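What follows is a set of notes on a single structure, which appears directly below.
Residue numbers (my numbering): 1 to 475.
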């Protein structure tokens, strides 16, 4: 007789959630005193997004949040990670909060709590108030101070009911896609400005962490969400190993160095010496950035495969971050990116769940006493309703099953992982790709805004209910 298969079971208190961000779902961009963010400006600039799509309406979560929270409850979610629209709270990025803007988030938090769902607030998911970009944006030091003020305002308003806080989401994308390659808002292509932005994002994180703790109960948790990359060399050739080290510094060390260890990698300074002198790192900055964290959020989708560039094949290729004539990797013109082998999602990203295990074990070594959360993980597919209106997405179920299996392996190997947030709760505005890429567990008909849970939503609901992985079968 075959041995019975032991189910993959997670700890009883493991937190099962889903994530979204404000500009991707809220809409209502001109209501309640909200002013444009850089993504409003960028998406309304011809040629910047697919089909000229914008987040003006998005999926109208601002008006439909009760319906959306009911969907979360149906899915058995224990937590919901969402972001605050900075310009909904502070229209110019300065001054007192607009209470009608905060009231929306108060109502959302109350609705979540009434359904037994823990809110997890991300303060910044890429939508800088346009007023602050007009003053120079993240490359300017003042933006970090403005962010700390904003964090304090939101912490004062919601800190009594929200226990989980995240300062920044994927600061790498903010700095390098926004200011180096220009494929994200504000669309600038200035490598030196991108490195300045990276430092000021780090400073903003540290100052905001201190500001939050000054106004919130001690029980609350403060974290950051990094899209750290599992960087792999094509070979063990010294030149390829050096290329991987350079990308690791630019993808990972530039943020986790100061945040977790209080210092930038010396090799990062050396790689970027021809671009910047880092003179904007002032005395006291690293101490301000290096605040003790209560947790670390990791967003994972696909690994990176790199080599030293040779001959005509120089410069980034297949790095997965959108088409641009400008590199998002300052100082890495001698590095080439390669498409990793395997099946791909609709984003063109290779499906490789071992990279998730790799990242979790890396941070278990680098920050051994820091609890970890997967704050984003998911896949885009070309989902369509069948004639009966049902949406079957077996590829997403297989994707989630394989990644959760690797997460469980990391737990077994000693990683202190406390929770998993699926990206995303529902289909939404996918940045420069517009509405052409669907990451949601809930299908949204963009013409009617009708929500329909996909088969992956039912599968994930079973995971959340039981804490075990059912077979990767489309129900």
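In this text, a Cβ means the ideal position worked out from N, Cα and C, and glycines have one as well. Since the model is a prediction, treat every value here as computed from it, not as a measurement.
Residues near residue i by beta carbon distance below 7 Å, same chain, minus five either side
i, result
"residue 467", "9, 10, 12 and 14"
"residue 462", "470"
"residue 312", "Unreliable placement is indicated for residue 312, whose pLDDT of 43 sits below 50; no coordinate value is reported for it."
"residue 227", "170, 172, 173 and 299"
"residue 460", "75, 400, 422 and 441"
"residue 286", "258, 262 and 263"
"residue 406", "353, 354, 356 and 357"
Integer Cβ distance of residue i from residue j, believed to fall under 8 Å
i, j, result
"residue 43", "residue 49", "5 Å"
"residue 133", "residue 38", "5 Å"
"residue 125", "residue 93", "Wrong, their Cβ atoms sit about 15 Å apart, outside the cutoff."
"residue 75", "residue 398", "At roughly 19 Å, the Cβ-Cβ gap does not stay under 8 Å, so residue 75 and residue 398 are not in contact."
"residue 326", "residue 181", "5 Å"
"residue 382", "residue 391", "The Cβ separation is near 11 Å, so there is no contact."
"residue 27", "residue 58", "4 Å"
"residue 378", "residue 16", "At roughly 14 Å, the Cβ-Cβ gap does not stay under 8 Å, so residue 378 and residue 16 are not in contact."
"residue 207", "residue 148", "4 Å"
Beta strand (DSSP E) segment containing residue i, residue limits
i, result
"residue 397", "Counting along the chain, residue 397 falls outside any beta strand (DSSP E), though it belongs to the alpha helix (DSSP H) covering 394–412."
"residue 118", "118–124"
"residue 446", "From DSSP, residue 446 is part of no beta strand (DSSP E); its letter is neither H nor E."
"residue 374", "372–376"
"residue 225", "221–226"
"residue 235", "No beta strand (DSSP E) holds residue 235; DSSP gives it neither H nor E."
Where residue i sits in the DSSP three-state scheme
i, result
"residue 469", "coil"
"residue 20", "coil"
"residue 161", "coil"
"residue 30", "coil"
"residue 349", "coil"
"residue 338", "strand"
"residue 329", "coil"
"residue 455", "helix"
"residue 265", "coil"
"residue 8", "coil"
"residue 153", "helix"
"residue 279", "coil"
"residue 273", "coil"
"residue 423", "strand"
"residue 289", "helix"
"residue 298", "strand"
"residue 315", "Note that residue 315 scores a pLDDT of 48, beneath 50, so its modelled location is shaky; the value from the coordinates is reported in the next line. Residue 315 falls in the coil class under three-state DSSP."
"residue 141", "coil"
"residue 417", "strand"
"residue 252", "helix"
"residue 183", "coil"
Residue j beta carbon less than 8 Å from that of residue i
i, j, result
"residue 304", "residue 334", "no"
"residue 350", "residue 380", "no"
"residue 175", "residue 197", "yes"
"residue 372", "residue 416", "yes"
"residue 223", "residue 165", "yes"
"residue 117", "residue 78", "yes"
"residue 400", "residue 456", "yes"
"residue 53", "residue 449", "no"
"residue 144", "residue 204", "yes"
"residue 331", "residue 375", "no"
"residue 98", "residue 91", "yes"
"residue 260", "residue 151", "no"
"residue 22", "residue 83", "yes"
"residue 290", "residue 258", "yes"
"residue 425", "residue 122", "no"
"residue 253", "residue 268", "yes"
Cut-off 8 Å between Cβ atoms - residues of its own chain near residue i, not counting five sequence neighbours on either side
i, result
"residue 314", "Caution is warranted here: a pLDDT of 46 is assigned to residue 314, below 50, making its placement in the model unreliable, and the coordinate value is therefore given only provisionally. Same-chain partners within the cutoff: 333, 334 and 336."
"residue 183", "177, 321, 322, 323, 324, 328 and 432"
"residue 280", "141, 196, 199 and 200"
"residue 234", "240, 305, 306, 307 and 338"
"residue 186", "38, 41, 42, 128, 133, 137, 178 and 179"
"residue 439", "378, 379, 380, 423, 424, 427, 428 and 430"
Segment limits, alpha helix (DSSP H) that includes residue i
i, result
"residue 87", "86–89"
"residue 41", "38–43"
"residue 215", "191–215"
"residue 238", "238–248"
"residue 71", "61–74"
"residue 107", "99–114"
Own chain partners of residue i with C-beta closer than 6 Å, once the 5 adjacent residues on each side are dropped
i, result
"residue 155", "212, 215 and 216"
"residue 230", "303, 355, 358 and 359"
"residue 446", "435"
"residue 72", "80 and 117"
"residue 395", "381"
"residue 408", "8"
"residue 453", "442"
Residue i CB to nearest heavy atom of the ligand FAD below 7 Å
i, result
"residue 450", "By its list of ligands, the structure shown contains no ligand whatsoever, and the ligand FAD lies outside what it can speak to."
Within-8 Å CB hit, residue i to chain C
i, result
"residue 14", "No chain C appears in the structure shown, which is made up of a single protein chain."
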